[in-house]
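These notes are about the structure you will find just below.
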Amino acid sequence: MYSTSNLLSNPGVIAMIVILALMLFVFVPLMIRRARRQRKRAKNYLPDLLARTGLKQDGNILSGTYRGFPTKVSFGVGYNYAEIGFEAMKGMAGGRADFHGRNMVWQKIYIEIDLGVDVNSIILKEKVGVLRTDQWIMDKIAGREVNLPEIKELKGMLKRVRIFSEDNALASKMASDNQLRELLSNWHYLDVAAVGNKVNFKLDDVMVTATYENRLTKPDHVIQALDIAARVAELSVN
């Protein structure tokens, strides 16, 4: 039988005691403080968003005037049907299905801006290729087909964005706009269209949660989305 002195002279035991002490007195309090901060952020999320944008809550929709345009914002939950199908088949084949991956569920944002006048159609979109299989399948399921020609000479002028339009002058104006370029510098999975008298913006991609991570806990990314949509609206009508 080991005595207390023998145990305390064992380097492995000492290391375990140190690790347990760190967990108890350092990591656990840090995790508690982090959880409290996250609860506080969640509680303040909507009031902060409304205060900073001037929008009002109307049921599940935020509406009002943003940068001079009648604007509506709504949220949804996206489900990765391609991954869900794969995991279901894996489970039926006797494997272990995992429905809790970071790319399984994500927050969707929809923004609609009323322009008041009809404009020439233009789409700014991060085009998804077959290498991003899950999103490519999702786009096919949703029928998200771009029915405008891509202006290929403008490719790369806006980060990660391709421009589709029959109005070369409008497309060039957007591609060379410094304010829009700055707004898009750290934005991913852009999908915004000015068609008829509306601008429709959506953030709906299987990689949203994995890419945006902690940005999703604050309303800043929603405000950035509003700024992008509003800038596209301004450039479309002026």
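In terms of numbering that gives the first Met the number 0, the sequence shown opens at residue 0 and continues consecutively.
Ideal Cβ positions, reconstructed from N, Cα and C, are used throughout, including at glycine.
Here the structure is a predicted model, which is why all the values come from computation and not from measurement.
**Request:** Could you give the DSSP three-state label for VAL160: helix, strand or coil?
**Result:** coil
**Prompt:** Is it true that the CB of SER164 sits closer than 8 Å to the CB of LEU182?
**Reply:** no
**Asked** If we ignore side chains and look at the alpha-carbon of each, how far apart do GLY115 and LYS197 end up?
**Response** 8 Å
**Prompt:** What did DSSP end up calling VAL205 once you bin it into helix, strand or coil?
**Reply:** coil
**Message:** Under DSSP, the alpha helix (DSSP H) around GLU181 begins and ends at which residues?
**Reply:** 177-183
**Request:** With a threshold of 16 other CB atoms inside 10 Å of the CB of VAL72, please say whether the residue is buried or exposed.
**Result:** VAL72 is buried by the Cβ-count criterion.
**Message:** Let me make sure I understand the geometry here. Which of LEU202, GLY58, ASN237 and GLY155 has the alpha-carbon closest to that of GLN223?
**Reply:** It is LEU202.
**Prompt:** Which word fits ALA168, buried or exposed, when buried means at least 16 other C-beta atoms lie within 10 angstroms of its C-beta?
**Reply:** exposed
**Prompt:** I think ILE122 touches ALA229, with their Cβ atoms under 8 Å apart; what is that distance to the nearest whole Å?
**Reply:** That pair is no contact at about 17 Å.
**Message:** Am I right that LYS158 and VAL145 are in contact with their C-beta atoms under 8 Å? What's the rounded C-beta distance?
**Reply:** Not a contact, Cβ separation roughly 19 Å.
**Request:** Please state whether DSSP places VAL118 in a helix, a strand or coil.
**Result:** strand
**Request:** Name the two residues that bound the continuous beta strand (DSSP E) containing LYS71.
**Result:** LYS71 -> beta strand (DSSP E) spans 68-78.
**Asked** What is the DSSP secondary structure of LYS107, reduced to helix, strand or coil?
**Response** strand
**Asked** What residues match up with LEU61 in a beta bridge as DSSP calls it?
**Response** GLN56 and VAL72
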